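Q: In numbering that gives the first Met the number 0, the protein residues as written are 0 to 378. Positions of the beta carbon are idealized from the N, C-alpha and C atoms, including for glycine. Owing to the predicted nature of the structure, the values given are computational and were not obtained by experimental measurement.
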Amino acid sequence: MHNPPLCRTINYHTSVPLSYTPVKYYRGVLYLRQCLPEHRQKAYTTRVSNLWQSLQKPVYALAPMENVTDTVFRRILIECGAPHVFFTEFTRVEQVAAYPRRGLPGRMRCQSSERPLIVQIWGTDPELYRRAAAIIVQLGYDGIDINMGCPVRRIRNKGSCSGLIINPALAAEIIAATREGARSQPSGTLPVSVKTRIGYDRPVTDEWIGFLLQQNIDLLTVHARTAFQESEGPVNHAAILRTVELRNQLAPQTLIFANGDIRSVAEGGGLCSRLGVDGVMIGRAIFSDPHLFSPLGENPRSYANQSPRQKIALMQRHIRLHQQTWNGSRNYEVMKRFYKIYLVGFDGAIELRDRLNRTYDYQSALTEIDEFSSQVRYY
Numbered sequence: 000m001h002n003p004p005l006c007r008t009i010n011y012h013t014s015v016p017l018s019y020t021p022v023k024y025y026r027g028v029l030y031l032r033q034c035l036p037e038h039r040q041k042a043y044t045t046r047v048s049n050l051w052q053s054l055q056k057p058v059y060a061l062a063p064m065e066n067v068t069d070t071v072f073r074r075i076l077i078e079c080g081a082p083h084v085f086f087t088e089f090t091r092v093e094q095v096a097a098y099p100r101r102g103l104p105g106r107m108r109c110q111s112s113e114r115p116l117i118v119q120i121w122g123t124d125p126e127l128y129r130r131a132a133a134i135i136v137q138l139g140y141d142g143i144d145i146n147m148g149c150p151v152r153r154i155r156n157k158g159s160c161s162g163l164i165i166n167p168a169l170a171a172e173i174i175a176a177t178r179e180g181a182r183s184q185p186s187g188t189l190p191v192s193v194k195t196r197i198g199y200d201r202p203v204t205d206e207w208i209g210f211l212l213q214q215n216i217d218l219l220t221v222h223a224r225t226a227f228q229e230s231e232g233p234v235n236h237a238a239i240l241r242t243v244e245l246r247n248q249l250a251p252q253t254l255i256f257a258n259g260d261i262r263s264v265a266e267g268g269g270l271c272s273r274l275g276v277d278g279v280m281i282g283r284a285i286f287s288d289p290h291l292f293s294p295l296g297e298n299p300r301s302y303a304n305q306s307p308r309q310k311i312a313l314m315q316r317h318i319r320l321h322q323q324t325w326n327g328s329r330n331y332e333v334m335k336r337f338y339k340i341y342l343v344g345f346d347g348a349i350e351l352r353d354r355l356n357r358t359y360d361y362q363s364a365l366t367e368i369d370e371f372s373s374q375v376r377y378y
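1. First and last residue of the alpha helix (DSSP H) that includes K310?
2. In this structure, does DSSP put N156 in helix, strand or coil?
3. Which residue comes first and which comes last in the alpha helix (DSSP H) that contains S53?
4. For H321, I'd like the list of residues in its chain whose CB is within less than 6 Å of its CB, leaving aside the five on either flank, ordered along the chain.
5. According to the neighbour-count rule (16 or more other Cβ atoms, all chains shown, within 10 Å of its Cβ), is Q94 buried or exposed?
6. Can you tell me where the alpha helix (DSSP H) holding K335 begins and where it ends?
7. Unbroken alpha helix (DSSP H) runs of length 4 or more, entirely within the segment 55-100: which are they?
8. Should H290 and C79 be called a contact, given that it needs their Cβ atoms to be closer than 8 Å?
9. The alpha helix (DSSP H) that contains A133, what's its start and end?
10. When the distance is taken between beta carbons, is V92 closer than 8 Å to Y140?
11. Would you report the Cα separation of R178 and R153, rounded to the nearest angstrom?
12. At the level of alpha carbons, what is the spacing between R336 and Q248?
13. Just checking my contact of I164 with A226 at CB under 8 Å: how many whole Å lie between their CB atoms?
14. Quick one: is S230 buried, meaning 16 or more other Cβ sit within 10 Å of its Cβ, or exposed?
15. Enumerate in chain order the residues of its own chain whose CB-to-CB distance from S183 is below 7 Å, with the five nearest sequence positions on each side excluded.
16. Since A257 and T204 should fall inside the 8 Å C-beta cutoff, what is the C-beta to C-beta distance between them, to a whole number of angstroms?
17. To the nearest angstrom, report how far apart Y98 and D288 are at their CA atoms.
18. Comparing alpha-carbon positions, which option in W325, I340, Q374, F89 lies nearest Y361?
19. Hey, quick one: how far does the beta strand (DSSP E) through A257 stretch, first residue to last?
20. Can you give me the C-alpha to C-alpha distance between I145 and F286, rounded to a whole angstrom?
21. Taking the Cβ atom as the reference point for each residue, do V397 and M147 lie within a distance shorter than 8 Å?
22. Assign N304 to one of three DSSP states: helix, strand, or coil.
23. Beta carbon of L218, beta carbon of L254: below 8 Å?
24. Tell me which residues share the same chain as S363 and place their Cβ nearer than 8 Å to its Cβ, disregarding the 5 neighbours each side in the sequence.
25. Check D144 in the structure and name its three-state DSSP category.
26. Can you name, in chain order, every residue of its own chain whose Cβ lies under 7 Å from the Cβ of S328, other than the five neighbours on each side?
27. On the criterion of 16 or more Cβ atoms from any shown chain inside 10 Å, does K157 qualify as buried, or is it exposed?
28. Which residues in the same chain have their Cβ closer than 6 Å to the Cβ of V47, if we skip the five residues on either side of it in sequence?
29. Using DSSP's beta-bridge definition, name the partner residues of T220.
30. Checking the sheet assignment: what are the DSSP bridge partners for L116?
31. From the DSSP output, which residues share a beta bridge with V343?
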């Protein structure tokens with residue numbers, strides 16, 4: 000049965016209180032800096048207060064993707080060609096707010112080479128957002144991004160992520176709480192951004208995007224589809240054009256990034272020129288080309304020109320680094336989603352990928368690769 004459009008009854012002109020009652024953190028919030036590794040203490044003292052204003056435009060960012068954009072894959076991409084900005088995987092505000100009592104969430108692990116790095120958080124409790132934002136400031140990251148775009152049904156049905164599109168009052172409260180937390184520490188402030196979509200079950204660009212632009216955010220990334228569309232159907236570039244018009248009218252200081260089916264740096268640059276956005280966020284295209292961002296650096300490379308030996312060697316490094324970094328705290332099965340990146344474009348690639356998808360741990364995968372390599376002459 001078709002559900003009627005939900006957005007027609009939503010009040011996008013709600014007022015929200017802008018202050019929150021402070022709470023005490025575990026052993027006091029100032030305790031946190033003592034927990035930081037050396038490179039994080041350096042980042043803590045040298046961080047640019049507003050990264051987005053300091054970057055040359057257009058900006059190219061890698062989209063946050065669950066079980067994909069972890070510290071391991073970010074380091075692999077630095078080797079291949081890094082974007083201007085990385086985002087973490089989706090991180091629950093409950094996990095961040097529990098630090099240091101429950102340790103640093105694995106999704107927030109990083110090395111200094113991965114900066115600038117934005118922590119993307121999600122949830123529904125404004126107070127936890129405020130606490131999480133304050134902790135992120137103290138830990139020395141470069142920004143905070145609020146996930147209001149993930150279209151996964153079980154998540155949005157609980158009111159999180161894209162579910163906030165139909166709850167603007169809570170969305171505004173969350174943004175206000177995050178901004179307060181990001182500005183509450185003597186160590187400095189961090190920019191607050193939002194990643195969202197053009198609507199829930201239908202486009203409501205003027206209402207929803209216009210509403211967000213009045214919340215005093217530093218960056219708004221817009222995936223040009225509705226939540227119901229998920230990743231299907233054409234992207235709505237007209238909605239991005241309208242977003243830029245609204246930004247120019249309502250919040251000239253807010254940067255706009257376009258997201259959705261952008262396949263290359265060249266295509267992203269064309270969109271920036273044509274749509275008037277300040278940057279693009281590229282996601283799934285990275286699975287077709289780990290060198291996708293290399294044109295941004297001094298050594299642009301084509302993945303299509305990489306030899307089978309080079310592709311397999313990169314995959315082996317990824318496997319070993321994944322094992323070394325997570326050491327059992329992440330399931331090996333996560334690694335299998337990356338094999339399609341490396342095993343393409345040469346004879347035997349599909350066969351090896353099928354064999355690796357039947358492996359059960361890191362060592363069995365490396366053994367399969369060694370056996371395959373011994374049988375293939377050009378390796």
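A: Short version:
1. 307-325
2. coil
3. 50-53
4. V71, M334
5. buried
6. Per DSSP, K335 belongs to no alpha helix (DSSP H) and is neither H nor E.
7. 70-79, 92-96
8. yes
9. 125-138
10. no
11. 27 Å
12. 43 Å
13. 6 Å
14. exposed
15. A133
16. With a Cβ gap of about 13 Å, A257 and T204 do not count as contacting.
17. 36 Å
18. W325
19. 254-258
20. 24 Å
21. For the chain, the structure presents residues 0 to 378; residue 397 sits outside this window and is missing.
22. helix
23. yes
24. none
25. strand
26. G105
27. exposed
28. At V47, the pLDDT of 48 sits below 50, so the modelled position is not reliable; the number obtained from the coordinates is stated separately. Counting only Cβ-Cβ distances below 6 Å, and skipping sequence neighbours, we find S53.
29. K194, F256
30. F85
31. In DSSP, V343 forms no bridge with anything.
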